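Working notes for the structure below.
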Amino acid sequence: MRFSPILGFLVILFRAFHGIDVGFFIAVAFYTVFSFFIWYISPWFLKLTSNIRILFSTGITLLISVGILFTIALNKVSPDQFIDIFIAYVIVPPLGVAIISSTIEIREKNQQLQQQLAIEEKLAAVEQMGAAISHEIRNPLTTAIGFIELLDQVSLDNNKRTKYISIIKDELDSAEGIIQDYLTFSKPVIESIEELDIQKELTHILKLLHPLANYHSVKVSTDFYTYGTIQGDRSKFHQCFINIIRNSIESMPYGGALLIKTIATQNKITISIQDTGTGLSKDQINHLGEPHYSPKGPKGTGLSMMVAYSILRAMKGTIEVQSEIGKGTISLFHFKLHKTKV
Numbered sequence: 001m002r003f004s005p006i007l008g009f010l011v012i013l014f015r016a017f018h019g020i021d022v023g024f025f026i027a028v029a030f031y032t033v034f035s036f037f038i039w040y041i042s043p044w045f046l047k048l049t050s051n052i053r054i055l056f057s058t059g060i061t062l063l064i065s066v067g068i069l070f071t072i073a074l075n076k077v078s079p080d081q082f083i084d085i086f087i088a089y090v091i092v093p094p095l096g097v098a099i100i101s102s103t104i105e106i107r108e109k110n111q112q113l114q115q116q117l118a119i120e121e122k123l124a125a126v127e128q129m130g131a132a133i134s135h136e137i138r139n140p141l142t143t144a145i146g147f148i149e150l151l152d153q154v155s156l157d158n159n160k161r162t163k164y165i166s167i168i169k170d171e172l173d174s175a176e177g178i179i180q181d182y183l184t185f186s187k188p189v190i191e192s193i194e195e196l197d198i199q200k201e202l203t204h205i206l207k208l209l210h211p212l213a214n215y216h217s218v219k220v221s222t223d224f225y226t227y228g229t230i231q232g233d234r235s236k237f238h239q240c241f242i243n244i245i246r247n248s249i250e251s252m253p254y255g256g257a258l259l260i261k262t263i264a265t266q267n268k269i270t271i272s273i274q275d276t277g278t279g280l281s282k283d284q285i286n287h288l289g290e291p292h293y294s295p296k297g298p299k300g301t302g303l304s305m306m307v308a309y310s311i312l313r314a315m316k317g318t319i320e321v322q323s324e325i326g327k328g329t330i331s332l333f334h335f336k337l338h339k340t341k342v
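Heads up, the sequence shown is in the UniProt record's numbering, so the first residue is 1 and it goes up one at a time.
Quick look at the structure:
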């Protein structure tokens, strides 16, 4: 509505192309007054409710249409012409304005609802993130505080004091690691791009997780059918797949089998991780990698999978999970193939 004087000027300019006559000067007078009237009342109009704005716009159009009809009626017209003029000037314009106004109002309401929903989703994500950080950091900090209090004991010998200080340092390092994980999740920076030998990197990761697999009585086997390389950050790749494979092992608390395979096609390489664990429902699969969600339920916060999925996205990898409750899980991770090794 703030552009009504400009629109009025354009209408007058368009009318001028049809000739400068009495009708032109009537149009100048009418659109000048009407445009500035609309511009003047626009602040008040925008404060009205949606329904009132629709009624007001339709009412103004109806008044103008009746005025035009009255002017035309002064010239004697036949009854047949009057009916056509009545429909053209009194029925069609107000109805059209009502439809257009309603469409605009509905569209604005939808935009407002979408903006409100986006804000609520952001607030919910912040709330979930805060709860997850609080839950994760509380444990190491509580442990550290407990041992700091023990250090105040006068009768504490040097060996115990040294041991307690070491535990405090480890717990604080753990808290720092959690914070770093959240920073990785929020903005996974790929610090260095290098060529990664998939077989070599996965073998290294499995060696690190060998004690955990033994503890859970999980038999780990590999099938590196294809040897290939991808491009990415080595430390981030290790962090990602350590988290993923650890989750697979921990899903088999009473033992099981874990199979790691690599499959290469013409332009991509797939890492397949198959376990015989508890499996996941479709709903759990859909929520994997989301803030403060873990298939372990209340026992987990989902931090490790959040970080893993975030790193995978940063490395332009894609994820496909196939699972069924009680039958285990197959996780497929697809990367762009850099080189194929024979």
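Note that beta-carbon positions come from the ideal geometry of N, C-alpha and C, so glycine has one too.
Remember, it's a predicted structure, so these values are computed and weren't measured experimentally.
If I follow the unbroken beta strand (DSSP E) through residue i, where does it start and stop?
i	result
residue 356	Residue 356 cannot be examined here, being either before or after the span of the chain that is shown, 1 to 342.
Considering only the alpha carbon of each residue, which of the options lies closest to residue i?
i	options	result
residue 134	311, 204, 178, 65	178
residue 147	43, 169, 130	169
residue 227	82, 338, 35	338
residue 67	86, 121, 54, 78	86
residue 260	327, 246, 99, 91	246
residue 284	322, 315, 229	322
residue 316	327, 335, 307, 304	335
residue 266	286, 237, 229, 98	229
residue 102	52, 73, 89	52
residue 309	324, 282, 237	237
residue 234	270, 194, 214, 82	194
residue 320	327, 270, 311	270
residue 318	327, 325, 331	331
residue 165	180, 143, 176, 218	143
residue 69	56, 83, 58	83
So, helix, strand or coil for residue i, using DSSP?
i	result
residue 109	helix
residue 212	helix
residue 337	coil
residue 170	helix
residue 196	strand
residue 373	Outside the shown range of the chain, which is 1 to 342, sits residue 373, and nothing can be said about it.
residue 153	coil
residue 141	helix
residue 20	coil
residue 103	helix
residue 62	helix
residue 35	helix
residue 67	helix
residue 253	coil
residue 306	helix
State the beta-bridge partners of residue i as determined by DSSP.
i	result
residue 207	According to DSSP, which records beta bridges pairwise, residue 207 is partnered with nothing at all.
residue 331	273, 321
residue 221	259
Could you check whether the Cβ of residue i sits closer than 7 Å to any heavy atom belonging to the ligand GTP?
i	result
residue 61	The ligand GTP is not among the ligands present in this structure, which contains no ligands whatsoever.
Residue range of the alpha helix (DSSP H) that residue i falls in?
i	result
residue 260	Not the alpha helix (DSSP H): residue 260 falls in the beta strand (DSSP E), residues 256-264.
residue 287	282-287
residue 80	79-86
For chain B, is any of its Cβ atoms less than 8 Å away from the one on residue i?
i	result
residue 61	In the structure shown, chain B cannot be found, because there is only a single protein chain.
Any chance the segment 272-285 sits against the segment 249-259, with 3 or more Cβ pairs inside 8 Å? Taking a contact to require three or more Cβ pairs closer than 8 Å, the segment 272-285 and the segment 249-259 qualify as touching.
For the segment 106-113 against the segment 147-167, do three or more pairs of beta-carbon atoms, one drawn from each stretch, fall closer than 8 Å, so that the two count as touching? No: the two stretches stay apart, fewer than three of their Cβ pairs being nearer than 8 Å.
Kindly confirm or deny that the segment 90-100 and the segment 53-62 touch, where touching means at least three C-beta pairs closer than 8 Å. Touching, yes.
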